[in-house]
Ligand code: CS2
Ligand code: MG
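Residue numbers (the working numbering): 2 to 404.
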């Protein structure tokens, strides 16, 4: 059995900050786990270095569940994004090791392929509806079967999901939080025309997704859901902040537009009511922020019992290590829905060589033993950590709001 001999945290910033855990064993086999929490990276790095990795040395790397339970129950202060991202990194690295020892890609250890490939969605965005449609047509020409559309809001200087760079969207944009200004009224007027024009230009054989990014009240989300029904969205994401899971009952009463939520969730407890009352259609929890492959499979199994499908978060602030792990999970889980795929920059891909592939809207993790992803430590060492915060949002009257 492979005994853990070392565990180190690698912080690197090839275009944006990433935190990676590397666990090494006495058999010379090592595993990688993503521990990146956008805007709070060093909190997780410290949690790992100061409170987790010392406890790993000498343990049997095959005992993934026991180590998971040790880190979860042993923390006393359970759950939360920092703790669960740290646990996720350990879990993911141990699955990587197990696959390498077995000589199998991780998806084979998870029950094998439940589908031929993983449908992904890309992010089309633009300052105007026209620019967004233009970007969406590019994604469609590349074979994407699902495209998220986000456009600028007339009257607002900025909005979520619209990047300066059309292809790469990186929201953590400054050394201290930048302040954005928001108007729900202006936003709600802008989305239905976006979808109408998108359907005119792209047709009906492509899934269209949209992210409201936690900015509506339940009745506003109900309004938007109803307005979008004629355009058949694949999902309306993060319509409402989900601390109060019961909020989604009101949305459900008014609209059949499918709902997705969960990219900021860190455990099954954050979505238990949403799932068991079927208040959502897709759960967005991820490998890196929801306790790793082990816990995400629990969430997916619970969701499967309630007709909820997976739709893992896959933004640029989740590293290629997480993307690789997510694809092994996506390929094997029975109630797969869709996988977000915001491409990483070439410098990030160079720092994290990987086996996963994209072909005409579908991805595959590859068949290398383990996760099939590496970190080029020499290259990674060249990219110094640079503090970067996510923006904050205020209403036009200055009231602090949700970003
Ligand atoms: C977004 C993310 O991809 C998404 O659905 O919600 O871009 C999110 O804003 C970032 O991951 C935050 O770090
Ligand atoms: Mg989102």
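Every residue, glycine too, gets a C-beta built ideally from N, C-alpha and C.
Just confirm the distance between the C-beta atoms of residue i and residue j, as a whole number of angstroms; I'd bet it's less than 8 angstroms.
i: residue 42; j: residue 10; result: Not quite, the Cβ-Cβ distance comes to about 10 angstroms (not below 8 angstroms), so this is no contact.
i: residue 103; j: residue 48; result: Not confirmed; about 29 angstroms, so no contact.
i: residue 352; j: residue 380; result: 5 angstroms
i: residue 136; j: residue 144; result: So it is not a contact: roughly 15 angstroms between Cβ atoms.
i: residue 148; j: residue 195; result: Incorrect: roughly 12 angstroms between the Cβ atoms, too far for contact.
i: residue 282; j: residue 310; result: 7 angstroms
i: residue 301; j: residue 336; result: 6 angstroms
i: residue 35; j: residue 320; result: 4 angstroms
i: residue 372; j: residue 33; result: 7 angstroms
i: residue 121; j: residue 342; result: 4 angstroms
i: residue 295; j: residue 66; result: 7 angstroms
i: residue 348; j: residue 16; result: 5 angstroms
i: residue 339; j: residue 115; result: Contact flag wrong, Cβ pair sits at about 14 angstroms.
i: residue 189; j: residue 224; result: 7 angstroms
Just to confirm the assignment, what range does the beta strand (DSSP E) spanning residue i have?
i: residue 279; result: Taken as a continuous stretch (DSSP letters only), residue 279 belongs to no beta strand (DSSP E), as it is neither H nor E.
i: residue 236; result: 236 to 238
i: residue 152; result: 147 to 152
i: residue 66; result: Not the beta strand (DSSP E): residue 66 falls in the alpha helix (DSSP H), residues 65 to 74.
i: residue 365; result: 363 to 365
Nearest to residue i by alpha carbon, out of the options?
i: residue 263; options: 245, 313, 207; result: 313
i: residue 366; options: 322, 384, 382, 383; result: 322
i: residue 255; options: 220, 268, 202, 5; result: 220
i: residue 155; options: 192, 174, 121; result: 192
i: residue 110; options: 230, 125, 96, 342; result: 96
i: residue 117; options: 203, 229, 91, 363; result: 363
i: residue 231; options: 150, 247, 248, 197; result: 197
i: residue 161; options: 216, 269, 141; result: 216
i: residue 241; options: 79, 293, 222, 235; result: 222
i: residue 40; options: 370, 404, 391; result: 391
i: residue 3; options: 72, 325, 59; result: 59
i: residue 79; options: 404, 270, 328; result: 270
i: residue 94; options: 24, 247, 151, 179; result: 24
i: residue 7; options: 27, 16, 13; result: 27
i: residue 202; options: 188, 138, 260, 77; result: 138
i: residue 395; options: 157, 169, 236; result: 157
i: residue 166; options: 204, 345, 186; result: 345
Mind checking which residues open and close the alpha helix (DSSP H) that includes residue i?
i: residue 96; result: 82 to 103
i: residue 107; result: 107 to 110
i: residue 211; result: No alpha helix (DSSP H) holds residue 211; the beta strand (DSSP E) holding it covers 208 to 212.
i: residue 248; result: 248 to 255
i: residue 47; result: 42 to 47
i: residue 296; result: 293 to 305
i: residue 229; result: 219 to 229
According to DSSP, what are the bridge partners of residue i?
i: residue 23; result: 9, 33
i: residue 424; result: With the chain covering 2 to 404 only, the question about residue 424 has no answer from this structure.
i: residue 310; result: 283
i: residue 390; result: 175
i: residue 401; result: 395
i: residue 61; result: 4
i: residue 374; result: 355
When you measure from the CB of residue i to every non-hydrogen atom of the ligand PLP, does any distance come out below 8 angstroms?
i: residue 285; result: For the structure depicted, the ligand PLP is absent and the ligand set comprises only the ligand CS2 and the ligand MG.
Original post:
Mind pulling the alpha helix (DSSP H) runs of 4 or more residues that sit fully within the segment 319 to 359?
Top reply: Entirely contained in the segment 319 to 359, the alpha helix (DSSP H) runs reaching 4 residues are, in chain order, 321 to 333, 347 to 352.
**OP:** Mind listing, in chain order, the continuous alpha helix (DSSP H) runs of no fewer than 4 residues lying wholly within the segment 116 to 184?
**Re:** 130 to 142, all fully within the segment 116 to 184.
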